[in-house]
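Remarks on the structure that follows.
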Amino acid sequence: MKKIIYLIGLVLAFSGCSVESYDSNEDLMTADATPAIQNTEESLDFGDLCAGEEAEFCLNFPQAKKPQGDPKTTNVQVQLLKYGDDPETEEIEPEDHEYYDQIFHTAENTQACFFYTFDEADTYDLRYIIGSGGFTDVQAEVLDCSECEENFSYVINPDGSYTFTYLPAEDMENAEIIFTFAQTVNSVWGDSSVTTEWSKSGQTEHAFLDLEACETYWWTVSLEKECNGSTPNNNVWTDFKVNDISKKNELTPNITQSCED
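For reference, each letter of the sequence shown is one residue, going 5 to 265 in the numbering used here.
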């Protein structure tokens with residue numbers, strides 16, 4: 005990262021959904037009154053920026069002076085690294101061609117602010133220059149800040165199979181998925197939203213998956229009742245668990261099949 009030598013005490017503040025702050029013993033980079041120490045040779049994380057939400061970016065710097073002491077404005081540029089064709093040229097570039105797109109340019113006295121929206125969750129490379137002295141490279145991590153409520157449901161399909169749907173509210177690595185088919189003699193898995201390898205243990209079937217928050221997962225299964233008792237109806241499905249926590253609710257009662265058919 006190139007150091008702007010004459011800008012001792014430079015302040016760079018990025019704000020989005022929520023913003024953490026950092027500074028250094030050379031170039032001060034803060035967004036609040038209690039910054040943490042950050043070496044200028046390390047990458048800078050400006051906290052949580054949300055995809056699809058407009059964020060305000062502010063750069064603060066000392067007042068520049070003319071030789072006679074009168075104030076003068078300072079040029080400020082911010083550029084974003086992009087890939088593909090540069091709109092400033094007519095050349096057709098490969099998809100992985102890199103170029104910097106200028107997203108902000110102004111001349112101000114001590115502060116330059118602008119608004120920008122990152123459409124997708126990703127880590128973005130930017131660079132900025134204040135006055136002269138070369139560009140400083142920084143990174144901004146943009147997160148998917150969408151919120152959702154956990155949900156579990158099932159439907160009975162026209163062919164008699166069942167489709168179970170689960171929507172997690174948080175990311176889960178290697179989550180254990182457990183279906184309980186209490187009085188089922190045979191289960192046949194059909195289509196699903198994600199490839200799932202099931203293992204059977206008694207009346208339960210298990211799988212391990214990485215789950216992403218707010219993504220819908222579904223599995224279709226055909227169940228064959230086991231009618232070897234005196235009850236007129238058998239419970240072919242009784243529970244669904246994630247990491248041993250039941251997601252069964254008032255809208256998902258036991259699934260039964262008649263033994264009198």
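Cβ coordinates follow ideal geometry from the N, Cα and C atoms, glycine included.
Among T256, E57, N247, E154, nearest to I160 - alpha-carbon criterion: T256
field: Anticipated Cβ contact below 8 Å, C62 with Q115, distance rounded
entry: 6 Å
- request: Measure from the alpha carbon of D243 to the alpha carbon of each residue in S205, A186, Y132, then state which is nearest.
  value: A186
task: Buried or exposed for T199, please, with buried defined as at least 16 other CB atoms from any protein chain shown within 10 angstroms of its CB.
output: exposed
- prompt: Could you give the C-beta distance for T121 and R131, rounded to a whole number, given that I count them as a contact under 8 Å?
  reply: With a Cβ gap of about 19 Å, T121 and R131 do not count as contacting.
Straight-line gap, I107 to Y128 (C-alpha atoms, nearest Å): 13 Å
field: S226: first and last residue of the uninterrupted beta strand (DSSP E) it sits in
entry: 221 to 229
- prompt: Using DSSP with H/G/I as helix, E/B as strand and the rest coil, what is H210?
  reply: strand
field: Whole-number beta carbon distance between W222 and F168, since they are thought to touch under 8 Å
entry: 7 Å
query: Enumerated in chain order, which unbroken segments of the alpha helix (DSSP H) with a length of 4 residues or greater are wholly contained in the region 141 to 202?
result: none
- prompt: Which residues in the same chain have their Cβ closer than 8 Å to the Cβ of T77, if we skip the five residues on either side of it in sequence?
  reply: A68, A111, E112, N113
message: Could you compute how far the alpha carbon of A173 sits from the alpha carbon of C218?
response: 6 Å
message: Applying the 10 Å Cβ sphere with the 16-neighbour rule, what's the burial state of Y158?
response: buried
- prompt: What is the DSSP secondary structure of N258, reduced to helix, strand or coil?
  reply: coil
message: Quick check: the Cα distance between S196 and T224, rounded to an integer number of angstroms?
response: 6 Å
query: Among G194, D74, V189, which residue has its Cα nearest to the Cα of N239?
result: V189
query: Roughly how many whole angstroms lie between the Cα atoms of F118 and E60?
result: 6 Å
task: Spatial neighbours of W241 within its chain, please: CB distance less than 6 Å, with the 5 preceding and 5 following residues excluded, ordered by chain position.
output: F185, I259
- prompt: Looking at C-alpha atoms only, which residue of A144, L53, N155 is the closest neighbour of L85?
  reply: A144
- request: Ignore the nearest five residues each way along the sequence and tell me which others in Q83's own chain have a CB closer than 7 Å to its CB.
  value: Y104, D105, Q106, I107, L130, R131
message: For Q67, list the residues DSSP reports as bridge partners.
response: Beta-bridge pairing links Q67 to no other residue.
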